[in-house]
């Protein structure tokens with residue numbers, strides 16, 4: 044079976060309408076497709092970081108990637124489950140890492156080593172994903188645990204970036220206004 048169907052060549056794609064139990068055609072520029080695309084971009088970008096992670100963090104990132112596929116599928120109309128427990132798991136990981144990190148007193152500049160910098164970028168992608176989901180909720184009813192999870196994901200990626208830098212003994216750079224440098 045070929046990867047191409049030619050059905051999307053005119054800017055339309057198919058989604059499943061779970062209320063009417065049928066496939067529907069929607070514009071590839073619609074909010075729902077933009078949201079699913081942003082989820083996919085974030086998920087794919089997390090894959091670029093994967094090779095440089097320790098085994099435990101790799102497993103965590105794979106779980107996140109799986110959750111993002113589930114969220115995208117749910118938004119597209121699939122009948123799948125998504126547990127609020129996934130958000131609690133992220134919170135537990137955040138709490139564990141924050142115990143070894145210094146408290147924040149200023150904004151910090153995104154960066155550090157390559158992995159941490161990519162995690163900061165993934166965090167900003169997760170924030171964009173969150174904005175797209177919020178915009179979609181103006182048109183579609185979504186499970187509230189989806190937005191909660193995505194919000195917590197950006198927090199997790201931020202703390203993970205800090206934790207990676209700490210493990211690598213890289214000092215965080217505090218943001219200061221130019222007139223205070």
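In our numbering, the protein residues as written are 44 to 224.
C-beta: ideal position from N, C-alpha, C; glycine also.
Residue interval of the alpha helix (DSSP H) (run including residue i)
{"i": "residue 46", "result": "Unbroken run through residue 46: none, as it is neither H nor E."}
{"i": "residue 191", "result": "187 to 210"}
{"i": "residue 177", "result": "157 to 179"}
{"i": "residue 103", "result": "98 to 119"}
{"i": "residue 76", "result": "74 to 92"}
{"i": "residue 128", "result": "128 to 141"}
Among the options, nearest to residue i - alpha-carbon criterion
{"i": "residue 127", "options": "113, 158 and 223", "result": "113"}
{"i": "residue 135", "options": "222, 198, 119 and 48", "result": "198"}
{"i": "residue 88", "options": "178, 156 and 169", "result": "169"}
{"i": "residue 188", "options": "182, 173, 202 and 219", "result": "173"}
{"i": "residue 125", "options": "48, 221 and 190", "result": "190"}
{"i": "residue 159", "options": "147, 95, 56 and 86", "result": "95"}
{"i": "residue 215", "options": "221, 179 and 202", "result": "202"}
{"i": "residue 56", "options": "146, 72, 46 and 45", "result": "72"}
{"i": "residue 153", "options": "44, 177, 97 and 213", "result": "213"}
{"i": "residue 177", "options": "123, 223, 66 and 77", "result": "77"}
8 Å Cβ cutoff met for residue i and residue j
{"i": "residue 130", "j": "residue 195", "result": "yes"}
{"i": "residue 144", "j": "residue 209", "result": "yes"}
{"i": "residue 79", "j": "residue 119", "result": "yes"}
{"i": "residue 141", "j": "residue 75", "result": "no"}
{"i": "residue 207", "j": "residue 156", "result": "yes"}
{"i": "residue 151", "j": "residue 217", "result": "yes"}
{"i": "residue 117", "j": "residue 68", "result": "no"}
{"i": "residue 82", "j": "residue 54", "result": "no"}
{"i": "residue 110", "j": "residue 192", "result": "yes"}
{"i": "residue 102", "j": "residue 93", "result": "no"}
{"i": "residue 171", "j": "residue 200", "result": "no"}
{"i": "residue 13", "j": "residue 105", "result": "For residue 13 there is no data in the structure shown, the boundaries of the chain being 44 and 224."}
Bridge partners - residue i, DSSP secondary structure assignment
{"i": "residue 217", "result": "151"}
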